[in-house]
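S.K.:
Protein chains: 2
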Amino acid sequence: MSVALPSITGVRLTPILIADPPLLNLSGVHQPYTPRLIVEVLTSAGVIGLGETYGDAVYLERAAALSRELIGMSIGAVNAVAGLGRGADALLNDAPAASGLRGVLTTDKVRSSVVSAFEVAVFDALGRHLGVPVHTLLGGAVRDRVEYSGYLFYKWAEHPVEGASSDDWDAALDPAGIVAQARKFLAYGGFRSFKLKGGVLPPEQEIAAIRALAAEFPGAPLRLDPNGGWSMRTALQVAEELAGTIEYLEDPTAGLDDLAELHRRTAIPLATNMIVTCFDEIRPAFDRDAVQIVLSDHHFWGGLLATRDLAAICRTYGRGLSIHSNTHLGISLAAMTQVAATVPDLDYACDTHYPWQSEDVLTERFRFTDGCVAVPDAPGLGVDLDRAAMARLHERWKALPEYRNRDDVAAMRRADPAYRAPAAPKF
Amino acid sequence: MSVALPSITGVRLTPILIADPPLLNLSGVHQPYTPRLIVEVLTSAGVIGLGETYGDAVYLERAAALSRELIGMSIGAVNAVAGLGRGADALLNDAPAASGLRGVLTTDKVRSSVVSAFEVAVFDALGRHLGVPVHTLLGGAVRDRVEYSGYLFYKWAEHPVEGASSDDWDAALDPAGIVAQARKFLAYGGFRSFKLKGGVLPPEQEIAAIRALAAEFPGAPLRLDPNGGWSMRTALQVAEELAGTIEYLEDPTAGLDDLAELHRRTAIPLATNMIVTCFDEIRPAFDRDAVQIVLSDHHFWGGLLATRDLAAICRTYGRGLSIHSNTHLGISLAAMTQVAATVPDLDYACDTHYPWQSEDVLTERFRFTDGCVAVPDAPGLGVDLDRAAMARLHERWKALPEYRNRDDVAAMRRADPAYRAPAAPKF
Chain A
44 MSVALPSITG VRLTPILIAD PPLLNLSGVH QPYTPRLIVE VLTSAGVIGL
94 GETYGDAVYL ERAAALSREL IGMSIGAVNA VAGLGRGADA LLNDAPAASG
144 LRGVLTTDKV RSSVVSAFEV AVFDALGRHL GVPVHTLLGG AVRDRVEYSG
194 YLFYKWAEHP VEGASSDDWD AALDPAGIVA QARKFLAYGG FRSFKLKGGV
244 LPPEQEIAAI RALAAEFPGA PLRLDPNGGW SMRTALQVAE ELAGTIEYLE
294 DPTAGLDDLA ELHRRTAIPL ATNMIVTCFD EIRPAFDRDA VQIVLSDHHF
344 WGGLLATRDL AAICRTYGRG LSIHSNTHLG ISLAAMTQVA ATVPDLDYAC
394 DTHYPWQSED VLTERFRFTD GCVAVPDAPG LGVDLDRAAM ARLHERWKAL
444 PEYRNRDDVA AMRRADPAYR APAAPKF
Chain B
44 MSVALPSITG VRLTPILIAD PPLLNLSGVH QPYTPRLIVE VLTSAGVIGL
94 GETYGDAVYL ERAAALSREL IGMSIGAVNA VAGLGRGADA LLNDAPAASG
144 LRGVLTTDKV RSSVVSAFEV AVFDALGRHL GVPVHTLLGG AVRDRVEYSG
194 YLFYKWAEHP VEGASSDDWD AALDPAGIVA QARKFLAYGG FRSFKLKGGV
244 LPPEQEIAAI RALAAEFPGA PLRLDPNGGW SMRTALQVAE ELAGTIEYLE
294 DPTAGLDDLA ELHRRTAIPL ATNMIVTCFD EIRPAFDRDA VQIVLSDHHF
344 WGGLLATRDL AAICRTYGRG LSIHSNTHLG ISLAAMTQVA ATVPDLDYAC
394 DTHYPWQSED VLTERFRFTD GCVAVPDAPG LGVDLDRAAM ARLHERWKAL
444 PEYRNRDDVA AMRRADPAYR APAAPKF
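Listed in order, the protein sequences are those of chains A and B. According to this note's numbering, the first sequence is numbered sequentially starting from 44. According to this note's numbering, the second sequence is numbered sequentially starting from 44.
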């Protein structure tokens with residue numbers, strides 16, 4: 044008695060533009076709109092699975108090519124979906140800049156970022172078809188809610204562009220502004236730990252912001268992430284000043300050897316989503332003890348099974364694991380929450396940009412309580428698509444070609460035409 | 044809309060004794076009967092899941108204790124089942140002897156050997172309940188059959204015990220006998236690669252047997268496994284003589300540093316199921332490059348998810364993976380085949396003792412074609428319990444307390460009362 048699962052009959056790719064606040068980072072500022080790609084996997088049983096990933100042109104092209112290979116595959120063939128097109132590793136760029144905040148971009152990283160959305164969509168379809176949540180297909184949840192940290196950003200009150208998207212989070216350009224933002228996060232979702240996106244202001248100002256947070260929220264775990272923008276000297280100085288105040292530093296410098304030396308000299312735990320971004324990058328980093336906590340991102344690690352693989356490697360090699368975030372919507376938050384629920388030793392609150400996103404393609408937005416998202420227990424990812432909302436955001440994508448590729452440097456240039464991508468290291 | 048999966052309402056533990064041929068190894072000889080434990084997980088939906096593991100007293104005791112903790116758990120909670128009782132690591136023995144051919148035995152290894160049977164049984168129940176094969180719950184098969192090697196043993200024609208179990212495999216005590224046995228394996232299941240259990244006869248005789256196999260089956264991958272019974276000097280000599288003839292040597296010596304030196308000096312690939320037998324043992328072995336191929340055993344690694352975790356670690360660290368076997372029946376062969384089917388880079392034929400077992404608790408025995416087992420596609424593991432057969436084997440367990448713990452030294456002493464466990468190294 045053999046079992047026939049539904050097969051994949053089609054793939055719908057819908058690029059969209061979503062409103063994004065003027066959040067500042069190492070490279071520049073977020074655009075008023077940022078691209079995402081919504082994936083729908085259609086099946087012979089009528090069930091549709093949802094996935095989401097980066098929406099820049101390079102991802103759209105690869106998604107269009109790989110989606111053809113999905114047709115006819117069984118929705119039970121998740122490992123095969125995740126392996127589609129594996130192998131290519133040519134370099135696309137060689138410097139972490141603009142949308143390259145995830146490190147060196149290779150064609151294989153683009154591939155894994157695309158197949159991860161397919162993998163999530165196939166898991167969603169399989170879960171819906173079988174009537175079980177995705178976490179059951181990953182061995183089952185070991186917790187019923189997943190904690191996220193409040194992700195603080197230096198930001199402007201508004202975009203320097205006529206008619207751009209707006210938000211109600213106010214400006215935050217100094218310690219008082221960051222503390223006020225954290226209070227707003229607390230009111231929004233009860234967050235119990237905070238991460239500050241650094242690399243924006245001179246380090247002494249960011250140190251002051253962290254100290255202000257520590258004074259305002261005694262005992263709350265705090266993190267600082269300058270996206271590799273500090274020199275070794277700066278990183279050493281920050282590490283010394285914030286030792287004992289901070290839970291970990293994330294990507295303080297851009298090089299493996301620097302991170303290893305920094306940890307050796309200061310003992311401060313170092314996290315990364317820039318130096319270790321794929322399986323090939325694990326061994327060199329662990330061998331040198333350059334990284335103590337890996338921030339996984341199911342989008343670029345290749346999916347939910349790949350995230351579980353990474354968790355097993357981190358556990359075995361005595362490294363911490365947490366979850367990284369790039370601008371994302373609720374489909375991805377559901378996927379992140381589903382997989383995080385199944386990892387036994389998730390020692391740190393995960394990252395999410397979700398509170399910054401005022402738009403979504405879901406019929407119901409996720410809420411945070413005590414900084415946590417309840418693990419969805421409905422079939423599949425546990426979320427439903429709002430087609431009208433998606434159609435509106437796709438219309439925007441069609442109408443605004445200038446935002447179809449995320450470019451934080453170009454966005455900054457709209458405020459300051461003389462602006463250039465910062466030298467490395469920036470500080 | 045939340046999903047309620049059936050919960051576990053009971054666990055049946057049935058120790059059995061199965062006929063085992065007089066297979067020789069480093070320690071002595073297999074007993075006429077060897078203990079196994081059959082696990083049945085009962086659920087609120089009526090579905091029953093099957094598992095199998097070691098049946099010695101120490102496992103039975105732990106299984107009885109841990110099985111109580113299963114009651115009330117959801118059959119979707121596989122990760123939680125695999126984590127039951129995790130943490131204890133006290134030493135049970137400190138020398139690889141008798142039934143300790145899997146290396147140093149700790150309470151945590153006994154725990155993982157027990158929870159693996161629970162995990163498999165819960166996967167079987169979940170698969171049956173959802174109507175999908177277990178491999179679908181592991182991300183899906185990437186192949187439709189799994190290759191096993193023909194597992195050759197020096198053996199006597201019969202046990203030195205009145206009224207013991209018998210077999211029709213003849214004696215094999217020299218190269219001609221081993222070649223004849225290999226031919227029989229070929230006729231039995233079309234095996235295309237062979238592994239010889241070594242550490243029995245002086246190394247020059249085992250080298251001669253390997254050479255005879257190479258002459259008889261040109262190009263067939265061959266392996267030799269003396270269970271760590273050789274000195275460094277002997278291992279070096281064998282490695283030099285068999286370089287180019289053998290696919291890999293398995294556990295030629297007992298120590299990590301020796302293996303590392305052996306590989307450094309001879310470049311011969313080394314496999315192990317004795318030095319790396321749990322996640323804590325991976326890092327020291329990989330750091331020293333003492334092991335190039337890890338032979339996983341879902342029984343003692345802690346289950347099918349743990350086997351996939353190990354596969355991810357091996358892939359990331361550039362190590363080969365294959366599957367180890369200890370005397371087992373069809374429930375475990377099904378479990379091994381289900382998980383092996385989902386591992387993308389399974390580069391070596393797996394090991395199995397199954398052809399040596401004339402008895403089983405299944406309604407239908409597995410067959411080998413071209414050395415391969417077809418991946419079951421029926422719900423769950425894809426096997427059904429023959430309760431009458433299990434009851435008979437359980438009656439034997441009750442009737443023959445002298446065989447309830449595997450002891451290859453004691454079995455040898457029945458033929459030679461002066462026999463003692465060999466010194467280490469034996470050769």
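Glycine included, each C-beta is placed from N, C-alpha and C at the ideal position.
Please confirm if B:PRO176 has its CB atom under 8 Å from at least one CB of chain A.
M.R.: Yes, B:PRO176 lies at the interface with chain A (some Cβ there is under 8 Å from its Cβ).
S.K.: I need the DSSP call for A:CYS357, collapsed to helix, strand or coil.
M.R.: Helix.
S.K.: Quick check: B:HIS342 and B:THR57, are their CB atoms within less than 8 Å of each other?
M.R.: It is not a contact, given that the beta carbons lie outside the stated cut-off.
S.K.: Taking Cβ to Cβ, would you say A:LEU113 is nearer than 8 Å to A:VAL54?
M.R.: In this structure, A:VAL54 lies closer than 8 Å to A:LEU113 by Cβ.
S.K.: With a cut-off of 8 Å, does the C-beta of B:ALA258 fall near any C-beta of chain A?
M.R.: Judged by the 8 Å Cβ criterion, B:ALA258 is not in contact with chain A.
S.K.: If A:ILE59 sits next to A:ILE81, beta carbons under 8 Å apart, how far is it from one beta carbon to the other, in whole angstroms?
M.R.: Confirmed, about 6 Å.
S.K.: For A:GLU304, name the three-state secondary structure that DSSP assigns.
M.R.: Here A:GLU304 sits in helix by DSSP.
S.K.: Any idea which residues DSSP pairs A:CYS393 with across the strands?
M.R.: A:TYR191.
S.K.: Give me the Cα-Cα distance between A:LYS469 and B:MET379, rounded to the nearest whole angstrom.
M.R.: Approximately 53 Å between the Cα atoms of the pair.
S.K.: Taking A:VAL334 as the query, report the chain B residues whose CB atoms sit under 8 Å from its CB, ordered along the chain.
M.R.: Within 8 Å Cβ-Cβ: nothing; A:VAL334 doesn't reach chain B, min ~14 Å.
S.K.: For A:SER274, which residues in the same chain have their Cβ closer than 8 Å to its Cβ, ignoring the five residues on either side in sequence?
M.R.: Taken in chain order, the residues that qualify are THR296, PRO468, PHE470.
S.K.: When you compare the CB of A:ILE325 with every CB in chain D, is at least one pair closer than 8 Å?
M.R.: Among the chains of the structure shown, chain D does not appear; the protein chains present are A and B.
S.K.: Consider the Cβ of A:ASP352: report whether some Cβ of chain B lies at a distance smaller than 8 Å.
M.R.: Yes, A:ASP352 counts as interfacial toward chain B.
S.K.: I want to know whether the segment 173-190 of chain B touches the segment 217-229 of chain B - three or more CB-CB distances under 8 Å.
M.R.: Result no; under three Cβ-Cβ pairs closer than 8 Å.
S.K.: Considering Cα atoms alone, identify which of B:ASP99, B:GLY363, B:GLY298, B:LYS238 is closest to B:TRP440.
M.R.: Of B:ASP99, B:GLY363, B:GLY298, B:LYS238, the residue nearest in Cα terms is B:ASP99.
S.K.: Am I right that A:LEU338 and A:ASN369 are in contact with their C-beta atoms under 8 Å? What's the rounded C-beta distance?
M.R.: So it is not a contact: roughly 11 Å between Cβ atoms.
S.K.: So which residues on chain A does B:LEU348 lean against when the C-beta distance must stay under 7 Å?
M.R.: Correct list: GLY182.
S.K.: Any idea what DSSP makes of A:LEU148, helix, strand or coil?
M.R.: Reduced to three states, the DSSP call for A:LEU148 is coil.
S.K.: From A:ALA454 to A:GLU205, what does the alpha carbon distance come to, in whole angstroms?
M.R.: A:ALA454 and A:GLU205: Cα-Cα distance of roughly 13 Å.
S.K.: Give me the chain B residues within the contact set of A:PRO49, using Cβ-Cβ distance strictly less than 7 Å, ordered along the chain.
M.R.: Ordered by position in chain B, no residue passes the 7 Å Cβ test against A:PRO49, which lies about 12 Å from the chain.
S.K.: Residues of chain B with CB under 8 Å from A:GLY126, in chain order?
M.R.: Simply VAL185, PRO387.
S.K.: Helix, strand or coil for A:GLU95, going by three-state DSSP, please let me know.
M.R.: Of the three classes helix, strand and coil, the one that applies to A:GLU95 here is strand, per DSSP.
S.K.: Please list the terminal residues of the continuous beta strand (DSSP E) segment that includes B:PHE237.
M.R.: Here the beta strand (DSSP E) through B:PHE237 covers 237-240.
S.K.: Assuming A:LEU514 and A:THR395 are in contact, meaning their beta carbons sit under 8 Å apart, how far apart are those beta carbons, in whole angstroms?
M.R.: With chain A represented from 44 up to 470, any question about residue 514 of chain A goes unanswered, as that position is not in the structure.
S.K.: Taking the alpha-carbon of A:LEU267 as reference, which of A:ALA258, A:ALA251, A:GLU259, A:ARG276 has the nearest alpha-carbon?
M.R.: Among A:ALA258, A:ALA251, A:GLU259, A:ARG276, the Cα nearest to that of A:LEU267 is on A:ALA251.
S.K.: A:VAL165 bridges to which residues according to DSSP?
M.R.: Paired residue(s): none; A:VAL165 is not in a bridge.
S.K.: Considering only the alpha carbon of each residue, which of B:VAL72, B:LEU66, B:ILE51 lies closest to B:ASP459?
M.R.: Nearest of B:VAL72, B:LEU66, B:ILE51 to B:ASP459, Cα basis: B:VAL72.
S.K.: For a test of the three-state rule: what should DSSP assign to A:ARG276, helix, strand or coil?
M.R.: Helix.
S.K.: Quick one: measure Cβ to Cβ for B:ALA225 and B:ASP213, integer angstroms, because I've assumed they're closer than 8 Å.
M.R.: Not a contact, Cβ separation roughly 12 Å.
S.K.: Roughly how many whole angstroms lie between the Cα atoms of B:CYS415 and A:LEU292?
M.R.: Computed Cα separation, rounded: 51 Å.
S.K.: Here's the rule I'm using: 16 or more other beta-carbon atoms within 10 Å means buried, otherwise exposed. How should B:ALA138 be labelled?
M.R.: Confidence is the limiting factor: at B:ALA138 the pLDDT is only 42, short of 50, which leaves the residue's position unreliable and the question unanswerable from this model.
S.K.: For B:HIS367, collect the residues of the same chain with a Cβ closer than 6 Å to its Cβ; drop the 5 residues on either side in sequence, then sort them by chain order.
M.R.: Hits under 6 Å: ASN316, LEU338, ASP340, ASP394.
S.K.: Let me see if you follow: with CB-CB separation under 8 Å, is B:ASP459 close to chain A or not?
M.R.: Output row for B:ASP459: interface = no.
S.K.: Does the segment 419-430 of chain A touch the segment 318-338 of chain A, meaning 3 or more C-beta pairs lie closer than 8 Å?
M.R.: Cβ pair count under 8 Å is below three, so no.
S.K.: Using DSSP with H/G/I as helix, E/B as strand and the rest coil, what is A:SER365?
M.R.: DSSP places A:SER365 in strand when its eight states are reduced to three.
S.K.: When the cut-off is 8 Å and only beta carbons count, does A:GLY94 lie next to chain B?
M.R.: False, the Cβ-Cβ gap to chain B never drops below 8 Å.
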